[in-house]
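Position 27 of the sequence shown, counting from 1, maps to 18 under the numbering used here, and the rest follow consecutively.
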Amino acid sequence: MDKVYKNCQSCGMPLKKSPNGGGTNADGSISTIYCDYCYEKGQFRQTDITAKEMQEFVKHKMKEMGFPGFLASLFSNGIPKLERWKNQN
């Protein structure tokens, strides 16, 4: 049985907030691992980004959306532990 994720395993966004409920796999099916913003047609939209860069990107986006800085930092802290980044040095 496949593992079920509630959050995108690239950026940490809740998958239920993803416009289509997840990105798209190469076969056109909905990804249950990554959101629309991170994953399309079986590939990451941002291929050359690091976990640290993703953390900064997410913090910036959350602040743009009106989240206080401390919450943006708190929510982005777990990004390096997500599946996409686990094996990155």
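Yeah, the Cβ is synthetic: ideal placement off N, Cα and C, and Gly gets one too.
Alpha-carbon spacing of residue i relative to residue j, whole angstroms
i: residue 22; j: residue 13; result: 5 Å
i: residue 78; j: residue 2; result: 15 Å
i: residue 71; j: residue 52; result: 17 Å
i: residue -7; j: residue 56; result: 33 Å
i: residue 7; j: residue 39; result: 26 Å
i: residue 36; j: residue 15; result: 11 Å
Extent of the continuous alpha helix (DSSP H) to which residue i belongs
i: residue 61; result: 60 to 67
Simplified DSSP state of residue i, which is helix, strand or coil
i: residue 90; result: Look at the range of the chain in this structure, -8 to 80, and you will see that residue 90 is not part of it.
i: residue 40; result: coil
i: residue 71; result: helix
Spatially closest choice to residue i from the options, by CA coordinates
i: residue -4; options: 48, 26, 50; result: 26
Contact test: residue i Cβ vs the ligand FAD heavy atom, cutoff 7 Å
i: residue 51; result: Ligands in the displayed structure: none, and consequently the ligand FAD is not present.
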